[in-house]
Every structure is written in structure tokens, then in C-alpha cells.
Amino acid sequence: MENICSDNFLKIFKTFENRLNSFFQGNTKILVGGDVRSPKNSIYYKYRKRIVSKSDTEIEISVFYDKENDDYVYYAYNMFFNNNKLMFHYEPTHKEHFQPHVNVYIDDKELENVVGEGFHIISHKYHPFEILDMTERYLG
Amino acid sequence: MFRSLIFRIKSLFQKEEKGVVIVEREEFAREVKEEFRGNMELLKAVEKGLNKYVRKEKYVSLTD
Chain P
43 MENICSDNFL
53 KIFKTFENRL
63 NSFFQGNTKI
73 LVGGDVRSPK
83 NSIYYKYRKR
93 IVSKSDTEIE
103 ISVFYDKEND
113 DYVYYAYNMF
123 FNNNKLMFHY
133 EPTHKEHFQP
143 HVNVYIDDKE
153 LENVVGEGFH
163 IISHKYHPFE
173 ILDMTERYLG
Chain X
765 MFRSLIFRIK
775 SLFQKEEKGV
785 VIVEREEFAR
795 EVKEEFRGNM
805 ELLKAVEKGL
815 NKYVRKEKYV
825 SLTD
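As given, the protein sequences belong to chains P and X, one line each in that order. The first sequence begins at 43 in the numbering used here and counts up by one. The second sequence begins at 765 in the numbering used here and counts up by one.
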């Protein structure tokens with residue numbers, strides 16, 4: 043699987059969207075966002091979208107990309123199942139989120155260990171297509 | 765160094781592509797500030813990046 047970089051950012055997200063829409067049988071509704079936003083003379087891209095399928099499954103995508111360093115500044119893919127949520131997250135500037143991981147929320151509350159820290163399930167799966175595979179596996 | 769030079773040259777030819785909206789840096793800064801309110805580490809990093817290749821008088825602030 044090719045790595046995401048500034049040269050294929052748009053292509054990857056276009057394909058990601060097509061697959062997501064086709065998974066939701068072309069019947070998704072955009073609640074928020076849509077286009078990639080890029081400021082003039084800048085090293086960034088930003089992309090935000092919240093969609094809902096006809097079966098009322100919501101997915102929230104928030105991606106912030108550094109074109110110069112070909113790395114994310116932030117990403118979060120939230121999949122909502124009623125009051126439960128799977129969150130794929132990466133935020134290298136934050137010391138606790140410096141590597142891709144998954145957070146799990148049940149009944150709106152994050153799963154925590156005995157000392158009250160949120161679980162970070164460390165995962166190498168951070169490419170949009172891998173997250174899509176996971177979406178298909180969970181919701182398919 | 766070389767990478768950053770290439771990046772700067774490419775930036776000069778930045779054009780609107782399908783599905784991409786080119787926004788003013790000030791507008792982008794406002795959006796980021798709103799979206800990541802309270803996340804100081806991220807805001808500081810983005811502020812640095814946004815001001816990287818612009819003259820000082822064009823700097824935008826995300827942390828004031």
C-alpha cells in the first residue's frame with residue numbers, strides 16, 4: 043500500500059471517499075465539511091467531514107497534513123455506534139498521542155485502566171485505506 | 765534544506781485543484797484556532813508552520 047504523501051494526498055482521499063460512499067451504498071449524507079482546505083503559501087492541508095449512512099452510522103474524519111514534512115499534524119477518524127465510539131487518532135505534537143492508536147468509548151465514556159488513564163491501543167494501522175478496511179470489517 | 769527549497773518552488777505554483785479550496789492564511793488560522801481551542805502544543809506547532817515562509821509583518825497568531 044503506497045504511503046500517503048503531499049503528492050498523492052488528494053488521490054488517496056478521493057479513493058477513500060469513493061470506497062466509503064460505495065460501502066454506504068452511495069447513500070451517505072454530508073453533515074459537516076467536504077473539501078480539502080489549503081492556505082496560500084503554506085505547508086498545510088486540512089480536511090474535515092462528518093457523514094452519516096442510511097443506516098444512521100456516523101463517521102467523522104478530521105485530517106491535518108504537513109506537506110513539507112509529509113506527515114500528519116493531526117488525524118482522527120471517529121466511528122460512532124449508538125453511544126459507542128472507535129477513535130483512530132494520531133497527533134505527534136502531543137506527547138501522549140505521538141504514535142497512531144485507537145481509543146474506545148463505551149456509553150460516551152472512554153475505556154480506562156485501573157489508574158484512570160485512557161487506553162491507547164497502539165496500532166500501525168493508520169493509513170486511510172487500513173482504517174477503511176477496519177470500518178468495513180466492523181460495519182459490514 | 766534541499767527539500768525545503770523544492771517545497772518553496774512548488775508553493776509558488778500552487779493552484780486550485782478539484783476538491784481543494786485555497787483559503788487565506790488568516791482564515792485558515794481562525795479555523796484552526798477554533799477547531800483546536802485549548803490544544804496549545806498543536807496550535808504552537810501550526811503557528812510556526814504557517815509563518816515559516818512569510819515576512820514578519822504577515823505573521824498570523826494562533827496562541828494570543
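C-beta atoms are modelled at their ideal positions from N, C-alpha and C, and glycine is treated no differently.
Residue(s) in a DSSP beta bridge with residue i
i: I101 (chain P); result: P:I93 and P:M121
i: V115 (chain P); result: For V115 (chain P), which the question treats as bridged, DSSP gives no partner whatsoever.
i: K71 (chain P); result: P:V94
i: G160 (chain P); result: P:E154
i: S80 (chain P); result: X:I786
i: L806 (chain X); result: The partner list for L806 (chain X) (beta bridge, DSSP) is empty, contrary to what the question assumes.
i: H131 (chain P); result: P:A118 and P:H143
i: D108 (chain P); result: P:Y86 and P:D113
Span separating the alpha-carbon of residue i from that of residue j
i: Y132 (chain P); j: E110 (chain P); result: 18 Å
i: Y116 (chain P); j: V94 (chain P); result: 22 Å
i: S80 (chain P); j: K96 (chain P); result: 31 Å
i: E795 (chain X); j: D77 (chain P); result: 14 Å
i: Y86 (chain P); j: N50 (chain P); result: 14 Å
i: L791 (chain X); j: L814 (chain X); result: This sequence places Glu at residue 791 (chain X); Leu is not what is there. Whole-angstrom Cα-Cα distance: 12 Å.
i: K820 (chain X); j: K812 (chain X); result: 12 Å
i: V144 (chain P); j: K816 (chain X); result: 32 Å
i: P9 (chain P); j: M129 (chain P); result: Since the first residue of chain P shown is 43 and the last is 182, residue 9 (chain P) is not available in this structure.
i: M121 (chain P); j: Y147 (chain P); result: 10 Å
i: D175 (chain P); j: D113 (chain P); result: 21 Å
i: L807 (chain X); j: K88 (chain P); result: 14 Å
i: R61 (chain P); j: I72 (chain P); result: 15 Å
i: R92 (chain P); j: Y823 (chain X); result: 31 Å
i: V156 (chain P); j: D150 (chain P); result: 18 Å
i: H139 (chain P); j: N83 (chain P); result: 28 Å
Min CB distance residue i to chain P below 8 Å
i: L814 (chain X); result: yes
i: G802 (chain X); result: no
i: L826 (chain X); result: no
i: E805 (chain X); result: yes
i: R794 (chain X); result: no
i: Y817 (chain X); result: yes
Proximity test, Cβ basis, 8 Å: residue i and chain X
i: V78 (chain P); result: yes
i: K71 (chain P); result: no
i: A93 (chain P); result: One point to set straight first is that residue 93 (chain P) is Ile, not Ala, in the sequence displayed. No, I93 (chain P) lies away from the interface with chain X (no Cβ there is under 8 Å from its Cβ).
i: K56 (chain P); result: yes
i: S133 (chain P); result: Residue identity check: residue 133 (chain P) is Glu in the sequence provided, not Ser. It does; some Cβ of chain X falls within 8 Å.
i: N83 (chain P); result: yes
i: Y119 (chain P); result: no
i: H136 (chain P); result: yes
i: D113 (chain P); result: no
i: L174 (chain P); result: no
Cβ-heavy atom distance, residue i to the ligand FMN, below 7 Å
i: H169 (chain P); result: The model on display carries no ligand, and the ligand FMN is accordingly not part of it.
Contact belief for residue i with residue j at Cβ below 8 Å, rounded distance in angstroms
i: T135 (chain P); j: A809 (chain X); result: 5 Å
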